[in-house]
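Worksheet: one structure, shown below.
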Amino acid sequence: MAMFLALLFVMLTLAIATANTSPSNMHETCVDGNIGFVLQFNMYQNSCPEAEAIIFSWVQSAISVDPRMAASLLRLHFHDCFVNAILQGCDASVLLDDTDNFLGEKTAPPNLNSLRGFEVIDAIKSDVESVCPGIVSCADILATVARDSVVLVRGPSWEVEMGRRDSLSASKAAATNNIPGPNSTVTTLVAKFQSVGLTLNDMVVLSGAHTMGKARCTTFNSRLQEPPNSNGPDINLDFLQTLQQLCLDSNSDTTLAELDLVTPVTFDNQYFVNLLSGKGLLPSDQALLTQDDRTRQIVESYAQDQFAFFEDFKNSMLKMGRLGPLTGDSGKIRQNCRAIN
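Taking mature numbering (1 follows the signal peptide of the UniProt record, and there is no 0), I'd label the letters of the sequence shown as residues -17 to -1, 1 to 324.
Structural data, given as structure tokens:
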């Protein structure tokens, strides 16, 4: 029966790939141009059935020690996929360490002294390799870790598509230029998301990941300079004073602020509620409410309906996970996520 279902899945996938030949549909079923190789659910059901349980256990342990790690691990997947989705997307390039002959993405401005959780990925990879050597890619681990991190802080769950392989290279320049910054305008955000095939709605819903985690004061300095009488949708006066007290009286290079002061370690729709009251931490967050009527309407809808946010977030995470993966004979399965075999 299991073999019959697997065969049926392959036949349906091929039928869809043949019938739907528009660029958007081909992106869904032939994500990297290698016809016949697609991301799929339950990829390791037979080759490494323990993989997802091992990953979940490590993520659960890491978050129990450091609740902020949920946001950090989710962010790793985003920064991996968003580097250059046409040539090099969700391929674990972000995990590669620099060497004497190789410059990776970890020192790119959006990542330097910002990304964390690499040791958690190392532990997961080592454990999985001990059970199923050479089977599970670092890129698939990142995608699964992102899902598990959301689930463990009361967010939605979804099945993760797998089948990615790991890159043999990285691009500091692409990471520098393509990952959206904390001071981006809505116009810039939309352009960067659309350049990799994601919509305006994807951009807003994925920004909702800022419902957990922290940011350095240096990333929202412009928010601290708001005039003291600017008590409106752009910034809340009490919120401004809280930020000024936190950041101006300390070392802003290292001081961290919660992205969501209300429920900082819970994945919920509070981020959007905060924006409506002028309490978005990053300039790029609050811009969603103040700079574009389209994004404002989406923010308002998610603030009112957490279920809708969760459903759209799941779908957008799956779309992001399909950005430029290496599949088939491309790339390889790294034994160590930090280095090329």
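Note that CB positions come from ideal geometry on N, CA and C, so glycine has one too.
key: Close-in-space but distant-in-sequence residues of the same chain around Leu151 (CB under 8 Å, 5 per side omitted)   = Gly314, Lys315 and Ile323
message = Can you find the residues in the same chain that come closer than 6 Å, C-beta to C-beta, to Glu142, ignoring five residues on each side of it along the sequence?
response = Around Glu142: Phe24.
ask   = Between Ile107 and Arg58, what straight-line distance do the alpha-carbon atoms span, to the nearest angstrom?
value = 17 Å
task = Determine the closest residue to Leu22 out of Arg206, Gln274, Arg147 and Ile162, with distance taken between C-alpha atoms.
result = Closest option to Leu22, Cα to Cα, is Arg147.
inquiry  = Assuming Ala322 is part of the alpha helix (DSSP H), what are its boundary residues?
reply    = Segment: none, Ala322 is in no alpha helix (DSSP H) and carries neither H nor E.
request  = Keeping to the same chain, check which residues put their C-beta closer than 6 Å to that of Lys262; ignore five residues upstream and five downstream.
outcome  = Residues Asn219 and Phe222 of the same chain have their beta carbon placed closer than 6 Å to that of Lys262, with the five preceding and five following residues left out of the count.
task = Under 8 Å Cβ to Cβ from Ser30, same chain only, skipping five residues before and after it: list those, please.
result = Cys115 and Ile118
query = If we ignore side chains and look at the alpha-carbon of each, how far apart do Asn8 and Met300 end up?
reply = With a pLDDT of 32 at Asn8, under the threshold of 50, the modelled position of that residue is not reliable, and the figure given next carries that caveat. Using only the alpha carbons, I get a separation of about 17 Å.
query = Roughly how many angstroms lie between the CA atoms of Ser140 and Thr90, to the nearest whole one?
reply = 32 Å
message = So, does the segment 190 to 208 touch the segment 46 to 56, judging by three or more C-beta pairs under 8 Å?
response = Short answer: they touch.
request  = For the segment 121 to 207, list the alpha helix (DSSP H) runs that are entirely contained and at least 4 residues long, ordered along the chain.
outcome  = 121 to 135, 155 to 161, 169 to 178, 183 to 190 and 204 to 207
Range covered by the alpha helix (DSSP H) that runs through Ala54 = Met52 to Cys64
query = Which class does Phe255 belong to by DSSP, given the choice of helix, strand or coil?
reply = helix
request  = Grab me the residues of Tyr27's own chain with a C-beta within less than 7 Å of its C-beta, minus the 5 sequence neighbours each way, in chain order.
outcome  = Here the set comprises Ala34, Ile118, Val119 and Met145.
ask   = Identify the residues that DSSP records as bridge partners of Gln23: which are they?
value = Met145
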